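Peer 1: Going by this note's numbering, the sequence shown opens with residue 1435, and the numbers climb by one from there. A single structure is presented below for examination.
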Amino acid sequence: MVADVEKGKTVPAGGDLAAKINHLKKEKNAIILAHYYQVPEIQDIADFVGDSLQLSQKAAETGAGVIVFAGVHFMAETAKILSPDKKVLLPDLEAGCSLADSCPPVDFKRFIDAHPGYRVVSYINCSAAVKTLSDVICTSSNAKTIVESFPRDEKLIFAPDKNLGSYINGQTGRNMVLWDGSCHVHNQLSDERVIQLKAENPDAKLIAHPECRGPVLALADFIGSTAALLEYTKKDTHQRYIVATEGGIVHQMQKASPGKEFIVVPSDETCSCNDCPFMKMNTLEKLYLCLKNETPEILLDRDVIERARLPIVRMLEISKAANLIR
Ligand code: 13P
Ligand code: SF4
């Protein structure tokens, strides 16, 4: 990684960089997939920007030979699992995820073994190894549908996000056993801060990602995945929103609704933003270098790919049948 950054001495500047990336993309038959939490300049150069479900579908269906995944490690891993014969690149291999890290596979296996007869639903924000231990994967945009695809009396484990799991328990009336994990970015958003922002902005609606804690979700006018939050702000007639998720999503909200105002719930008193440090590790410079040098590349054992693929494909099939994706 350091070696790549070192090579950054030869990185062209500004608009030149965007032009070079576009040139390399054509030359190498590459596609750039970006998550909504990426910095604006990456979102603007990407071929596709989306939430986790949309991105995994794109990764499964693309005809490109090279996928540059502007997101975090588990997302690029998912792309590799779905397109094992393609070269999958991640601009910074250190771009991990605190939620995925909160579920070490060895401990999770022990947890599953302690619950005989339970089926396992895992949020896509987990490692490939955890995926191999799961019956089906879900994202925040299809979690309710995935859980409801099981008979009502089926005993279920939900991992790794306890906040999303608890929200889906409430939505479905199920009593899934929850793994005690969370995303540090969403988990630190406080209900006190949200209450204060609501008092200061009485005309603003609160929209929240289900990775937030229950007390924050209880205050929300709308709860959904990044793509669902974006759609809501496009269709809704309100003018001002308090946004309880990572701040990167505001770039697309502002582009789609230039007249509206979006107030990000800050992570602490010292800033007005809420950035995921892992998502923000990717920069346009690193993206250029990774496309140029075709590294860092995501590599996985064939056996892991095959076992992790089944629960992801199951998720895509259930989502298609429910018209959540086409
Ligand atoms: P979605 O974009 O699927 O809502 O996921 C949010 C997230 O935290 C990704 O890391
Ligand atoms: Fe992981 Fe949270 Fe960052 Fe998403 S926002 S990548 S869940 S740490």
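Where a beta carbon is used, it is the ideal one built from N, C-alpha and C, also for glycine. Predicted, not measured: the structure shown is a model, and the values here were computed from it.
Please give the ranges of any alpha helix (DSSP H) in the segment 1578-1646, keeping only runs that are unbroken, at least 4 residues long and fully inside the region.
Peer 2: Listed in chain order, they are 1596-1606, 1618-1621 and 1625-1634.
Peer 1: Leu1653 and Pro1644 look like a contact to me (Cβ under 8 Å); what is the Cβ gap, rounded to whole Å?
Peer 2: Incorrect: roughly 13 Å between the Cβ atoms, too far for contact.
Peer 1: What's the C-alpha gap between Ala1494 and Ile1746?
Peer 2: Roughly 10 Å separates the two Cα atoms.
Peer 1: Going by the beta-carbon positions, is the gap between Asn1716 and Gln1488 smaller than 8 Å?
Peer 2: Their beta carbons are not under 8 Å apart, which means Asn1716 does not touch Gln1488 by this criterion.
Peer 1: Am I right that Thr1512 and Ala1756 are in contact with their C-beta atoms under 8 Å? What's the rounded C-beta distance?
Peer 2: About 20 Å separates the two Cβ atoms, so there is no contact after all.
Peer 1: Strictly under 8 Å for the Cβ-Cβ distance: is Lys1543 near chain B by that measure?
Peer 2: Among the protein chains of the structure shown there is no chain B, as only one such chain exists.
Peer 1: In whole angstroms, what is the alpha-carbon distance linking Arg1674 and Ala1642?
Peer 2: Cα-Cα distance, rounded: 14 Å.
Peer 1: Got a sec: does the ligand 13P put a non-hydrogen atom nearer than 7 Å to the Cβ of His1457?
Peer 2: His1457 Cβ: outside cutoff for every heavy atom of the ligand 13P.
Peer 1: Looking only at its own chain, which residues have a Cβ that is under 7 Å from the Cβ of Ser1600, when we skip the five neighbours before and after it?
Peer 2: Counting only Cβ-Cβ distances below 7 Å, and skipping sequence neighbours, we find Leu1612 and Gly1648.
Peer 1: Nearest CA to the CA of Glu1528: which residue from Pro1636, Leu1640, Pro1711 and Gly1551?
Peer 2: Cα-wise, what sits closest to Glu1528 is Pro1711.
Peer 1: Reducing DSSP to helix, strand and coil, say where Arg1748 ends up.
Peer 2: Here Arg1748 sits in helix by DSSP.
Peer 1: Just the C-alpha distance for Ala1742 and Thr1566, rounded to the nearest angstrom, thanks.
Peer 2: In a straight line, the C-alpha of Ala1742 is about 4 Å away from that of Thr1566.
Peer 1: Going along the chain, which residues of its own chain have a beta-carbon closer than 6 Å to the beta-carbon of Ile1739, five neighbours each way excluded?
Peer 2: Hits under 6 Å: Ile1515 and Pro1518.
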